[in-house]
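Participant: Just so we're aligned, residue 230 is where the sequence shown starts under the numbering used here, counting upward by one.
Even glycine gets a Cβ: it sits at the ideal position worked out from N, Cα and C.
Let me begin by handing over the structure; questions about it come next.
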Amino acid sequence: MLQHHERMDGSGYPAGLSKEAILLEARIMAVADVVEAIASHRPYRAAIGLDGALEEVSRNSGILYDADVADACIRLFYEKGFKLE
(Lines of atoms letter the chains of each structure in order from A and count residues from 1; the text may use other names and numbers.)
(Lines give C-alpha, C1' and ligand atoms only; values in the text may rest on other atoms or scores of the structure.)
Protein backbone atom coordinates (compact mmCIF):
# COMPACT_ATOMS: atom_id res chain seq x y z
CA MET A 1 0.00 0.00 0.00
CA LEU A 2 1.58 3.21 -1.19
CA GLN A 3 0.01 5.49 1.43
CA HIS A 4 0.79 3.63 4.68
CA HIS A 5 3.63 6.05 5.53
CA GLU A 6 1.41 9.11 5.09
CA ARG A 7 0.44 10.84 8.35
CA MET A 8 -2.72 12.69 9.34
CA ASP A 9 -0.84 15.98 9.78
CA GLY A 10 0.72 15.76 6.30
CA SER A 11 4.21 14.95 7.58
CA GLY A 12 4.42 11.52 5.95
CA TYR A 13 5.61 10.31 2.59
CA PRO A 14 5.67 9.79 -0.37
CA ALA A 15 3.09 12.47 -1.23
CA GLY A 16 2.61 14.41 2.02
CA LEU A 17 -1.10 13.59 2.07
CA SER A 18 -3.18 14.48 5.12
CA LYS A 19 -6.47 13.61 6.77
CA GLU A 20 -9.19 12.28 4.47
CA ALA A 21 -6.87 12.31 1.43
CA ILE A 22 -5.32 9.18 2.95
CA LEU A 23 -7.31 6.03 2.22
CA LEU A 24 -8.90 4.43 5.28
CA GLU A 25 -7.08 1.18 4.49
CA ALA A 26 -3.77 3.05 4.55
CA ARG A 27 -4.64 4.72 7.87
CA ILE A 28 -5.33 1.27 9.33
CA MET A 29 -2.10 -0.14 7.90
CA ALA A 30 -0.14 2.84 9.25
CA VAL A 31 -1.17 2.07 12.81
CA ALA A 32 -0.66 -1.69 12.39
CA ASP A 33 2.77 -1.08 10.86
CA VAL A 34 3.97 1.20 13.66
CA VAL A 35 2.71 -1.17 16.38
CA GLU A 36 4.49 -4.13 14.79
CA ALA A 37 7.66 -2.15 14.10
CA ILE A 38 7.97 -0.79 17.64
CA ALA A 39 6.86 -3.94 19.46
CA SER A 40 9.14 -6.31 17.51
CA HIS A 41 12.88 -6.90 17.46
CA ARG A 42 14.78 -5.24 14.64
CA PRO A 43 18.36 -6.03 13.56
CA TYR A 44 19.41 -2.56 14.72
CA ARG A 45 17.58 -2.50 18.09
CA ALA A 46 15.82 -4.66 20.65
CA ALA A 47 12.04 -4.83 20.76
CA ILE A 48 10.54 -1.92 22.66
CA GLY A 49 7.42 -3.93 23.40
CA LEU A 50 3.70 -3.69 22.92
CA ASP A 51 3.12 -1.17 25.71
CA GLY A 52 5.66 1.20 24.15
CA ALA A 53 4.07 0.76 20.74
CA LEU A 54 0.58 1.48 22.05
CA GLU A 55 1.89 4.51 23.96
CA GLU A 56 3.27 5.89 20.66
CA VAL A 57 -0.10 5.34 18.98
CA SER A 58 -1.98 6.93 21.89
CA ARG A 59 0.37 9.92 22.16
CA ASN A 60 0.05 10.67 18.44
CA SER A 61 -3.62 9.82 17.98
CA GLY A 62 -5.23 12.51 15.84
CA ILE A 63 -1.81 13.98 15.01
CA LEU A 64 0.07 11.31 13.08
CA TYR A 65 -2.52 8.53 13.24
CA ASP A 66 -6.26 8.55 12.59
CA ALA A 67 -7.91 8.93 16.01
CA ASP A 68 -10.63 6.33 15.35
CA VAL A 69 -8.12 3.81 14.03
CA ALA A 70 -5.75 4.43 16.94
CA ASP A 71 -8.59 4.01 19.44
CA ALA A 72 -9.73 0.77 17.80
CA CYS A 73 -6.19 -0.60 17.88
CA ILE A 74 -5.69 0.26 21.54
CA ARG A 75 -9.04 -1.31 22.44
CA LEU A 76 -8.16 -4.50 20.55
CA PHE A 77 -5.14 -5.03 22.78
CA TYR A 78 -6.31 -3.68 26.14
CA GLU A 79 -10.02 -4.52 26.11
CA LYS A 80 -10.28 -7.47 23.72
CA GLY A 81 -7.05 -9.22 24.71
CA PHE A 82 -5.52 -9.28 21.22
CA LYS A 83 -1.85 -10.36 21.22
CA LEU A 84 1.06 -10.10 18.80
CA GLU A 85 2.68 -13.45 18.11
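(1) Assign residue 307 to one of three DSSP states: helix, strand, or coil.
(2) Name the DSSP beta bridge partners of residue 294, please?
(3) Can you name, in chain order, every residue of its own chain whose Cβ lies under 6 Å from the Cβ of residue 244, other than the five neighbours on each side?
(4) Quick one, which of 269, 262 and 292 has its alpha-carbon nearest residue 249's?
(5) On the DSSP bridge assignment, give the partners of residue 274 in chain order.
Facilitator: So, from the listed chains and residues:
(1) The residue you call residue 307 lines up with position 78 of the sequence shown. In the structure shown, residue 307 sits in a helix (DSSP, three-state: H, G or I).
(2) As a first step, residue 294 must be located in the sequence shown, where it is residue number 65. Looking at the DSSP assignment, residue 294 forms a beta bridge with 290.
(3) Sequence index remark: in the sequence shown, residue 244 carries index 15 (1-based). Excluding sequence neighbours, residue 244 sits near nothing in its chain.
(4) Counted from its first residue, the sequence shown places residue 249 at position 20. It is 292 whose Cα lies nearest to the Cα of residue 249.
(5) The residue you call residue 274 lines up with position 45 of the sequence shown. For residue 274, which the question treats as bridged, DSSP gives the partners 271.
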